[in-house]
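In the numbering used here, the protein residues as written are 261 to 513.
Have a look at this one:
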């Protein structure tokens, strides 16, 4: 089927631009007057058409947005019949074919399959987010489990420190340090956060913090960061020194 006019399939029904149909039908009156007169035949906004805006190009309209309408194919078909012209009859027949193709069993099945695929993709995304949340919560619970000694309490009372700050002590980057700890079997990545394996998570080496922030659209988001306790800092110190990589301050001595 040759395309006489652009059909939009962005909504639950195929639609066509009112201005494009108006131009194709070679209507002599102004678009606003024509659309107002057509709506007097009983068409309702929301069910038969929606008001929108379209940039019609700089050559004829100075590049300004003009009021347009997205018409259902059924409304467009009836408008063509109202025109009572040869062009109108031609476009009416075209819209009938568009509707037949849209309502064919194959097209209905394809849309149902696409909807199912979209739902499946959404569920997979939500499941992945849930897995991340559970892993983070498990670490937070594990971090609270140990009965700390007085020495641990003293250490934990001090400020927490980020991976990047610890890495700086050795002249390394946070990326390098995270990769090193991963290769040593200390931590793994869950989503966008590094978490300790179980046997290390219960030793009080880390503490996770949840931060909330506003997105670009003004909506609120939550992000979790892992920080190291002073005990965890000493643990990393032991690993690094055993591998012949003491901190910079010891290298200078």
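Backbone N, C-alpha and C fix where the C-beta goes; we use that ideal spot for every residue, glycine too. Remember, it's a predicted structure, so these values are computed and weren't measured experimentally.
Best match in 388, 371, 340 for proximity to residue 298 [C-alpha to C-alpha]
340
For residue 313, does the three-state DSSP call read helix, strand or coil?
strand
Can you tell me whether residue 260 is buried or exposed, with buried defined as 16 or more other CB within 10 angstroms of its CB?
Any property of residue 260 remains undetermined from this structure, which presents the chain solely from 261 to 513.
Boundaries of the alpha helix (DSSP H) in which residue 285 is found, first to last residue:
Here residue 285 belongs to no alpha helix (DSSP H), and DSSP marks it neither H nor E.
Which listed residue (264, 468, 495) has its alpha carbon closest to that of residue 398:
468
With respect to the alpha helix (DSSP H) encompassing residue 345, which residues constitute its N-terminal and C-terminal limits?
No alpha helix (DSSP H) contains residue 345, which DSSP labels as neither H nor E.
Report buried or exposed for residue 414, applying the criterion of at least 16 other Cβ atoms within 10 angstroms of its Cβ.
Bear in mind that the predicted position of residue 414 carries a pLDDT of just 38, short of 50, making it unreliable; the figure below should be weighed with that in mind. Result: exposed.
Between the Cα of residue 307 and those of 327, 274, 279, 284, spot the shortest distance and give me the residue it belongs to.
274
With a 10 Å radius around its C-beta and 16 neighbouring C-beta atoms as the bar for buried, classify residue 309 as buried or exposed.
Buried, since its Cβ has 16 or more Cβ neighbours within 10 Å.
Between 301, 269, 422, 343, which lies nearest to residue 288 when the distance is taken from Cα to Cα?
343
CA-to-CA distance, residue 487 to residue 474, given in whole angstroms
22 Å
Which residue wins for smallest C-alpha separation from residue 331, given the options 269, 388, 386?
For residue 331, the nearest C-alpha among the options comes from 269.
Where do the ends of the alpha helix (DSSP H) carrying residue 426 lie?
423 to 429
Would you kindly report the start and end of the unbroken beta strand (DSSP E) that includes residue 303?
Segment: none, residue 303 is in no beta strand (DSSP E) and carries neither H nor E.
At the level of alpha carbons, what is the spacing between residue 446 and residue 419?
22 Å
Neighbour-count burial assignment, residue 448, 16 or more Cβ in a 10 Å radius
exposed
Is the beta carbon of residue 347 closer than 8 Å to that of residue 286?
yes
Compare the beta carbon distance of residue 484 and residue 470 with 8 Å and say whether it is the shorter of the two.
yes
Bridge-paired residues (DSSP) for residue 453
450
Look up residue 402 in the DSSP assignment and say whether it is helix, strand or coil.
helix
Look up residue 328 in the DSSP assignment and give the residues it is bridged to.
BP columns for residue 328 point to 312.
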